[in-house]
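Written below as structure tokens is the structure these notes are about.
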Amino acid sequence: MATIHLLDDDTAVTNACAFLLESLGYDVKCWTQGADFLAQASLYQAGVVLLDMRMPVLDGQGVHDALRQCGSTLAVVFLTGHGDVPMAVEQMKRGAVDFLQKPVSVKPLQAALERALTVSSAA
1 MATIHLLDDD TAVTNACAFL LESLGYDVKC WTQGADFLAQ ASLYQAGVVL
51 LDMRMPVLDG QGVHDALRQC GSTLAVVFLT GHGDVPMAVE QMKRGAVDFL
101 QKPVSVKPLQ AALERALTVS SAA
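In the UniProt record's numbering, the protein residues as written are 1 to 123.
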């Protein structure tokens, strides 16, 4: 089963989102630091990184860039409370599958994850 890597420095958001995703049947791994994720996660498997944009030390764009540079097969979906249209367009041009605003409802989140899993599985 493909893993959803949930990367957000806000543990309350991470815990709530993980609970929701697990209730939908996804295998979820939570991360609070981009550097830890990049050093410890399996970056060359089918899966999705559900990624916050604003995080300390290494932000979402930095994580996304690092994934692209190393040729990771994980697909990226941004889920952030601090986004705007130009930011979303830029990340989509860089290969993100979707860019969602917090709070997000279940259906758009699940649809984005399913699209991302399809992209990752084809990589």
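Just so it is clear, CB atoms sit at the ideal spot from N, CA and C, and this is done for glycine as well.
Element boundaries [beta strand (DSSP E), containing Cys30]
The sequence position of residue 30 within the sequence shown is 30, counting from 1. Cys30 -> beta strand (DSSP E) spans Asp27 to Trp31.
Please go through the same chain and pick out, in chain order, the residues whose beta-carbon is closer than 6 Å to the beta-carbon of Ala2, but skip the five residues on each side of it.
Taking the sequence shown and counting its residues from 1, one reaches residue 2 at position 2. So the list reads Ala46, Gly47 and Leu117, once near-sequence residues are dropped.
Is there contact here, the segment 73–84 with the segment 97–107, by at least three beta-carbon pairs under 8 Å?
yes
Span of the beta strand (DSSP E) holding Gly71?
Reading the sequence shown from its first residue, position 71 is the one you call residue 71. Counting along the chain, Gly71 falls outside any beta strand (DSSP E), and DSSP gives it neither H nor E.
Check whether the segment 47–61 and the segment 3–19 touch, using three or more Cβ-Cβ pairs below 8 Å as the test.
yes
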